[in-house]
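Position one of the sequence shown corresponds to residue 0 (numbering that gives the first Met the number 0), numbered consecutively onward.
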Amino acid sequence: MARTRNIFVAFTLVACALLAAGAVLVSCAPQQAGNTGSTGTVAGGDPSRPAASTAASTTASTAAGTAAGTGADADDQLNDGRLTDGTARAVACVGDSITYGSGLAHPEADAWPALLQQLLGGSWSVANLGVPGATLLDDGPFPYRSTGNVQRAKDLRPAVAIIMLGTNDAFAGNWDEGRYRDQLAALVDELRASNPAVQVVLMAPPCTFYEYPDSVARTGEERIGGQVRSAVGAVAAEKDARFIDLYALTEDHPDWFPDDLHPNEEGHRAIADAVNAAFPRG
Numbered sequence: 000m001a002r003t004r005n006i007f008v009a010f011t012l013v014a015c016a017l018l019a020a021g022a023v024l025v026s027c028a029p030q031q032a033g034n035t036g037s038t039g040t041v042a043g044g045d046p047s048r049p050a051a052s053t054a055a056s057t058t059a060s061t062a063a064g065t066a067a068g069t070g071a072d073a074d075d076q077l078n079d080g081r082l083t084d085g086t087a088r089a090v091a092c093v094g095d096s097i098t099y100g101s102g103l104a105h106p107e108a109d110a111w112p113a114l115l116q117q118l119l120g121g122s123w124s125v126a127n128l129g130v131p132g133a134t135l136l137d138d139g140p141f142p143y144r145s146t147g148n149v150q151r152a153k154d155l156r157p158a159v160a161i162i163m164l165g166t167n168d169a170f171a172g173n174w175d176e177g178r179y180r181d182q183l184a185a186l187v188d189e190l191r192a193s194n195p196a197v198q199v200v201l202m203a204p205p206c207t208f209y210e211y212p213d214s215v216a217r218t219g220e221e222r223i224g225g226q227v228r229s230a231v232g233a234v235a236a237e238k239d240a241r242f243i244d245l246y247a248l249t250e251d252h253p254d255w256f257p258d259d260l261h262p263n264e265e266g267h268r269a270i271a272d273a274v275n276a277a278f279p280r281g
């Protein structure tokens with residue numbers, strides 16, 4: 000365990016150096032073991048935070064400008080997310096490292112948002128706004144809102160917003176189902192306030208497959224399959240959003256998760272297919 004913690008700190012120092020150079024979006028303050036309350040986080044840090052070499056490639060260019068597919072400013076988009084020249088409608092994928100594609104050799108090509116882009120074709124432009132380690136809760140170990148990507152999602156004025164956050168919340172010591180549900184509902188409201196025409200898709204996170212008898216991992220896994228999954232479904236029903244249950248999709252496929260948490264290429268393909276099947280094209 001001490002060796003794992005030392006490796007994590009070493010990766011953290013590399014990420015901090017890159018941040019100083021203006022290269023990354025993500026926070027690189029190390030999480031100390033036991034600092035997150037009664038349950039803490041897996042391996043002394045956020046369970047979905049990748050190695051520094053992966054986190055360092057999460058640059059601002061993956062968000063507002065290039066993610067729109069044209070480099071157009073938000074003011075050049077109509078309220079339905081379509082660019083004024085009619086070339087594409089924006090899709091904002093809000094999430095953590097599972098959306099970002101941590102663990103993949105080429106997340107820019109093989110993460111599920113990139114695969115969804117291939118399935119949807121050129122009339123849509125999919126922005127991967129996944130941030131490794133991010134939590135939905137604003138007082139979590141690494142709040143998604145602190146990265147600026149909520150604003151980037153709003154600036155895109157997307158026709159469709161796909162939200163999947165909760166894996167890191169489930170493993171954090173400050174987990175609270177009621178606040179998680181309230182803040183997920185508030186995020187939906189915020190995106191709709193920015194663009195009333197946006198179609199929202201909420202996804203319950205996939206299953207995790209930690210096998211060691213660790214209370215933190217066991218508690219987090221139980222929350223993902225129970226409280227997180229239930230809360231996402233409830234908010235989807237309350238807010239008239241589409242709901243995709245990735246837990247049900249993945250619970251019989253440990254082979255898709257080589258590190259027990261992040262999907263491999265086959266897993267990302269399955270997620271992209273599920274999103275494509277439920278995608279609101281109207």
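Here a beta-carbon is modelled for each residue, glycine too, at the ideal position from N, C-alpha and C.
Length of the line joining the Cα atoms of Y99 and G165: Stepping through the sequence shown from its first residue, residue 99 is reached at position 100. Stepping through the sequence shown from its first residue, residue 165 is reached at position 166. One Cα belongs to Y99, the other to G165, and the distance between them is close to 14 Å.
Return yes when the Cβ of I223 is within less than 8 Å of the Cβ of T249, no when it is not. In the sequence shown, counting from the first residue as 1, residue 249 sits at position 250. In the sequence shown, counting from the first residue as 1, residue 223 sits at position 224. No, the Cβ-Cβ distance between T249 and I223 is not below 8 Å.
So, for D72: in the same chain, excluding its five sequence neighbours on each side, which residues have a beta-carbon less than 7 Å away from its beta-carbon? As a position in the sequence shown, residue 72 is number 73, starting the count at 1. In this prediction, D72 scores a pLDDT of 36, lower than 50, which makes its location untrustworthy; the coordinate-derived value is nonetheless stated afterwards. Listed in chain order, the non-local C-beta contacts of D72 below 7 Å within the same chain number zero, local neighbours out to five positions each way being set aside.
Please check the pair P253 and I97, which I expect to be a contact at CB under 8 Å, by giving their CB distance rounded to whole angstroms. As a first step, residue 253 must be located in the sequence shown, where it is residue number 254. As a first step, residue 97 must be located in the sequence shown, where it is residue number 98. The beta-carbon separation of P253 and I97, rounded to 15 Å, does not stay under the 8 Å limit for a contact.
Secondary structure of G224, DSSP reduced to three states: Start at 1 with the first residue of the sequence shown, and residue 224 comes out as number 225. Helix.
Within the same chain, show all residues whose beta-carbon is closer than 8 Å to that of A273, passing over the 5 residues directly before and after it, in chain order. Counting from 1 along the sequence shown, the entry for residue 273 is found at position 274. If you ignore the 5 residues before and after A273, its C-beta comes within less than 8 Å of the C-beta of I243, L245 and L248, all in its own chain and listed in chain order.
Distance between R268 and A277 (C-alpha atoms, nearest Å): Within the sequence shown, residue 277 is the residue found at index 278, counting from 1. Within the sequence shown, residue 268 is the residue found at index 269, counting from 1. For A277 and R268, the distance between alpha carbons rounds to 14 Å.
Ignore the nearest five residues each way along the sequence and tell me which others in E264's own chain have a CB closer than 7 Å to its CB. Your numbering for residue 264 matches position 265 in the sequence shown. Closer than 7 Å at the Cβ level, and outside the excluded window around E264, lie L103 and D109.
Check whether the region 171-182 touches the region 191-206, counting contact only when three or more Cβ pairs, one atom from each stretch, lie closer than 8 Å. With a cut-off of 8 Å, the region 191-206 and the region 171-182 do not count as touching, because too few Cβ pairs lie within range.
Residue range of the alpha helix (DSSP H) that includes D244: As a first step, residue 244 is located in the sequence shown; it is residue number 245 there, counting from the start. Looking at the DSSP string, D244 is not in any alpha helix (DSSP H); the run it does join, the beta strand (DSSP E), is R241 to D244.
Out of R156, N148 and L135, which one is the CA nearest neighbour of N167? As a position in the sequence shown, residue 167 is number 168, starting the count at 1. Ranking R156, N148 and L135 by CA distance to the CA of N167 puts L135 first.
For P257, does the count of other Cβ atoms within 10 angstroms reach 16, so buried, or fall short, so exposed? In the sequence shown, the residue the question calls residue 257 occupies position 258. P257 should be labelled exposed.
Can you give the Cα-Cα distance for S122 and L115, rounded to whole angstroms? Looking up residue 122 in the sequence shown gives position 123. Looking up residue 115 in the sequence shown gives position 116. Spanning the two alpha carbons is a distance of roughly 12 Å.
Could you have a look at R88 and say whether DSSP puts it in helix, strand or coil? Here the question's residue 88 lines up with position 89 in the sequence shown. Of the three classes helix, strand and coil, the one that applies to R88 here is strand, per DSSP.
Determine, using beta carbons only, whether P157 and A113 come nearer to each other than 8 Å. Within the sequence shown, residue 157 is the residue found at index 158, counting from 1. Within the sequence shown, residue 113 is the residue found at index 114, counting from 1. It is not a contact, given that the beta carbons lie outside the stated cut-off.
Exposure of G225, with buried meaning 16 or more beta-carbon neighbours within 10 Å: Here residue 225 corresponds to residue number 226 of the sequence shown, with the count starting at 1. Classification of G225: exposed, given that the 10 Å Cβ count is below 16.
Starting from G177, trace the alpha helix (DSSP H) in both directions and tell me its first and last residue. Mapped onto the sequence shown, residue 177 falls at position 178. Note, G177: alpha helix (DSSP H), E176 to S193.
For E107, is the classification buried or exposed, using 16 other Cβ atoms within 10 angstroms of its Cβ as the cut-off for buried? The residue given as residue 107 occupies position 108 in the sequence shown. Exposed, since its Cβ has fewer than 16 Cβ neighbours within 10 Å.
Could you name the residues of the same chain whose beta carbon sits closer than 6 Å to that of G232, not counting the 5 residues immediately before and after it, in chain order? For the purposes of this step, residue 232 is taken as residue 233 along the sequence shown, with counting starting at 1. The answer, listed in chain order, is F242.
Separation of A235 from D181, as counted between CA atoms: Stepping through the sequence shown from its first residue, residue 181 is reached at position 182. Stepping through the sequence shown from its first residue, residue 235 is reached at position 236. Distance between the alpha carbons of D181 and A235 is about 12 Å.
Candidates E189, W111 and R217: closest to R144 by CA position: Numbered from 1 along the sequence shown, position 145 holds the residue referred to as residue 144. When each option's Cα is compared against that of R144, the closest is E189.
If I measure Cβ to Cβ from I161 and keep anything under 6 Å in the same chain, skipping five residues before and after, which residues do I get? Position 162 of the sequence shown, counted from the start, is the residue given in the question as residue 161. Same-chain partners within the cutoff: C92 and V200.
Starting from the Cα of P195, find the closest Cα among E221, A216 and A240 and give me that residue. On the sequence shown, residue 195 is found 196 positions in, with the first residue counted as 1. If we check each option's Cα against that of P195, A240 comes out closest.
Under 8 Å between C-beta atoms of P140 and A171: Counted from its first residue, the sequence shown places residue 140 at position 141. Counted from its first residue, the sequence shown places residue 171 at position 172. Taking 8 Å as the cut-off, the Cβ atoms of P140 and A171 count as close.
Relative to the alpha-carbon of R228, which residue among L183, V187 and A271 has its alpha-carbon at the smallest distance? Here residue 228 refers to the residue found at position 229 of the sequence shown. The closest CA to that of R228, considering only L183, V187 and A271, is found on L183.
Spatial neighbours of D138 within its chain, please: CB distance less than 8 Å, with the 5 preceding and 5 following residues excluded, ordered by chain position. For the purposes of this step, residue 138 is taken as the residue at position 139 of the sequence shown. Hits under 8 Å: N173.
Taking DSSP as the reference, what is the three-state secondary structure of V274? Mapped onto the sequence shown, residue 274 falls at position 275. V274 sits in a helix when the DSSP states are folded into three classes.
Beta carbon of L118, beta carbon of A216: below 8 Å? One-based indexing of the sequence shown puts residue 118 at position 119. One-based indexing of the sequence shown puts residue 216 at position 217. No.
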